[in-house]
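Residue numbers (our numbering): 784 to 1330.
C-beta atoms are modelled at their ideal positions from N, C-alpha and C, and glycine is treated no differently.
As the structure is a prediction and not an experimental result, all values here were calculated from the model.
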Ligand SMILES: Cc1ncc(C[n+]2csc(CCOP(=O)(O)OP(=O)(O)O)c2C)c(N)n1
Ligand SMILES: [Mg+2]
């Protein structure tokens, strides 16, 4: 029988277990949509390709399987780039299928032609340009394997239109290609090396575990190990949920807006077990003062991370769970002093109303850091945030993806008045699908985190941070067919949150936040984590907010 390239792609997606994809069609990719139309795969029509990319990311962040997004050539493909870069920074498995102009037109500046293969290269883990339809049998499964294998990341597959329409003669649909599995995971750490690490740990008196997104698959082993050894744990933003928020061993998040005790613990540690982390500058602050006197043990699946940003005394490329298994319990329980942090009433109230079952997504800004500080994240994969790239516009489409991946589960999107406007078109997608998403907009009248930096580090010279033009978020939500509520004070907040969260369909709650509130603690960019600011410096006049 004769099959087209487009039919091959759809057949392979079905065989690979893909049930939902998100995208926007256009001329060159129409053959693929034609084949999708007769498949069992459901297609979510996003309103912007960046939205489609983040919808796919939302699904991937919840399920751990590669999310799939589709875009047409030219502007469709370039609109996907931010979502690809974001997935690369946070190691999220994603497969982006784009169409390109027919091969004979490539390189001629044809209508809606861009060299997407070159553009995608630095923002993907790997990328393909498919020149023969028969190659798809190899490339598509390989794209999924690469996306999901350690370290996960985005893969782009660019397919010229004439490859989508090219016919291939086959006798019957073939089995999925058997691809070699990555061997790194089965390797055990070397005995002598483990002995040396155990020795260093035994002679340390102030060890700290510093864990991140790369430890997500091993969260249970991590909790058990920390408990058995009595070693305190600090996490990165991507590591929220690794520890039970009620566990006294968890000192909180480290970094620029991390808790003071977490930053202090690392700064004063004599041994740091760095597990699934990359010593990102937002986490370490001034890197020389991060843990100056500590022996550093670094375990990560990606060999390139070892020694990249920080010196390492003991490094191993491999799985965090296997490392912890190999490192047996051998010390008496240590007792750790826990300092309570000062609650931010509003976020606490919201967190209580949301409860423990909901999935939370955030956007980028002050609201994101407050959410990270005050929301108890009980499991990896339940707090979806753009950690590595810090992409405004992530929260809403990621919430759509999360809701699609976990049918029936409430998803709460915490966003800012700035961020939500960056993918606001996806409100139409939310409304169309009737998803159980509660969007909470923290309206502080502007780009709060930008203003915070200007106040603290630029002598309170405020430039381009206000968003006085609105919109009226309640009217906006209603225009898209969502229910809408407003919270203006703490006393009524809980009641409004409860009502909004009980509403089965999509809704939006606008919360008015004073525009001069600052996120503390804060480490100045480039400063040491131990030098965190914990309050507005006195020398500054309080800023008179007018909005
Ligand atoms: C795409 C993108 N552009 C610019 C920035 C820089 N930036 C970081 S936070 C922020 C302000 C976000 O405003 P809002 O969503 O209202 O959050 P708030 O800080 O006010 O809570 C900006 C502009 C970014 N992170 N992403
Ligand atoms: Mg804001």
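Other residues of its chain near residue 1089: CB distance less than 7 angstroms, five sequence neighbours each side excluded:
The residues 1081, 1083, 1095, 1098, 1100, in chain order, have a CB closer than 7 angstroms to that of residue 1089 in the same chain once the five nearest residues on each side in sequence are set aside.
Residue 1149 and residue 1231 - do their beta-carbons sit closer together than 8 angstroms? yes
*Scan the region 814-884 and note each continuous alpha helix (DSSP H) run of 4 residues or more that stays entirely inside, going in chain order.*
832-846, 858-872
So which of 1050, 996, 1051, 1191 has the shortest CA-CA distance to residue 1024? 996
Give me the DSSP bridge partner(s) of residue 801. In DSSP, residue 801 forms no bridge with anything.
| DSSP three-state assignment for residue 1317, whether helix, strand or coil | Annotated three-state conformation of residue 1317 is coil, per DSSP.
- Task: Would you mind working out which of 1110, 1034, 870, 944 sits nearest residue 816, comparing C-alpha positions?
- Result: 944
Handout entry: Through-space distance from residue 1270 to residue 1279, alpha-carbon basis
Key = 7 angstroms
Query raised in the report: Is any heavy atom of ligand 2 found at a distance shorter than 7 angstroms from the C-beta of residue 1230?
Result: yes
Report task. Alpha carbon to alpha carbon, how far is residue 857 from residue 1132? Give it in angstroms, no decimals. Result -> Distance between the alpha carbons of residue 1132 and residue 857 is about 45 angstroms.
* Asked: Is residue 1091 helix, strand or coil by DSSP?
  -> coil
Status (buried if at least 16 other CB within 10 Å, exposed otherwise) for residue 941
By the neighbour-count rule (16 or more Cβ atoms within 10 Å), residue 941 is buried.
- Candidates 788, 1308, 1166, 1283: which alpha carbon is nearest residue 949's? 788
Exercise for review: Give the straight-line distance between the Cα atoms of residue 1165 and residue 1142, rounded to the nearest whole angstrom.
Suggested key: 5 angstroms
I believe residue 1077 touches residue 1045 by the beta-carbon criterion, under 8 angstroms. Please report the beta-carbon distance rounded to the nearest angstrom. Incorrect: roughly 14 angstroms between the Cβ atoms, too far for contact.
Handout entry: Within 8 angstroms, strictly: CB atoms of residue 1229 and residue 1249
Key = Taking 8 angstroms as the Cβ cut-off, residue 1229 and residue 1249 qualify as a contacting pair.
Review point. When burial is assigned at 16 or more other CB atoms within 10 Å of the CB, is residue 973 buried or exposed?
Key: Residue 973 is classed as exposed because its beta carbon has fewer than 16 other beta carbons within 10 Å across all chains shown.
- Among residues of its own chain, excluding the 5 on either side of residue 812, which ones have a beta-carbon nearer than 6 angstroms to its beta-carbon? 855, 882
Original post:
Tell me, which residues are paired with residue 939 by DSSP?
Top reply: 879, 910
Notebook entry, point to check: Less than 8 angstroms separating the beta-carbons of residue 1129 and residue 1276?
Noted result: Yes. Within cutoff.
- What's the C-alpha gap between residue 1120 and residue 1032? Residue placement at residue 1120 is flagged as unreliable, the pLDDT there being 28, under the threshold of 50; a coordinate-derived value is accordingly withheld.
Notebook entry, point to check: Does ligand 2 have even one heavy atom less than 7 angstroms from the beta-carbon of residue 1255?
Noted result: no
Those residues which DSSP pairs with residue 1054 across a bridge: 990, 1078
Given 7 angstroms as the limit, tell me if residue 1200 has its C-beta closer than that to any heavy atom belonging to ligand 2. yes
message: Could you give the first and the last residue of the continuous beta strand (DSSP E) run that contains residue 1293?
response: 1290-1295
Taking C-beta to C-beta, are residue 852 and residue 804 nearer than 8 angstroms?
Contact flag set, yes.
Exercise for review: Examine the Cβ distances between the region 836-847 and the region 870-880 and report whether three or more of them are shorter than 8 angstroms.
Suggested key: yes
Next item on the list: With a threshold of 7 angstroms, establish whether the CB of residue 788 neighbours any heavy atom of ligand 2.
Entry: no
Among 862, 794, 859, which one has its Cα closest to the Cα of residue 924? For residue 924, the nearest C-alpha among the options comes from 794.
* Is the beta carbon of residue 1070 sitting closer than 8 angstroms to the one on residue 993? -> Contact flag unset, no.
Taking Cβ positions, are residue 1180 and residue 936 nearer each other than 8 angstroms?
-> No, they are not a contact pair.
Looking at the strands, I want to know which residues DSSP matches up with residue 1268. 1292
- prompt: Between the Cα of residue 1247 and the Cα atoms of 1253, 1255, 1237, which residue gives the shortest distance?
  reply: 1237
Measuring only from the beta carbon, is residue 1225 closer than 7 angstroms to any heavy atom that is part of ligand 1? yes
Q. To which residues of the same chain is residue 1171 closer than 6 angstroms at the C-beta, ignoring the five residues directly before and after it?
A. 872, 873
Using a Cβ-Cβ cut-off of 8 angstroms (strictly less than) and excluding sequence neighbours within five positions of residue 920, which residues of its own chain qualify?
Once the five neighbours on either side are set aside, the close Cβ partners of residue 920 are 791, 795, 957, 960.
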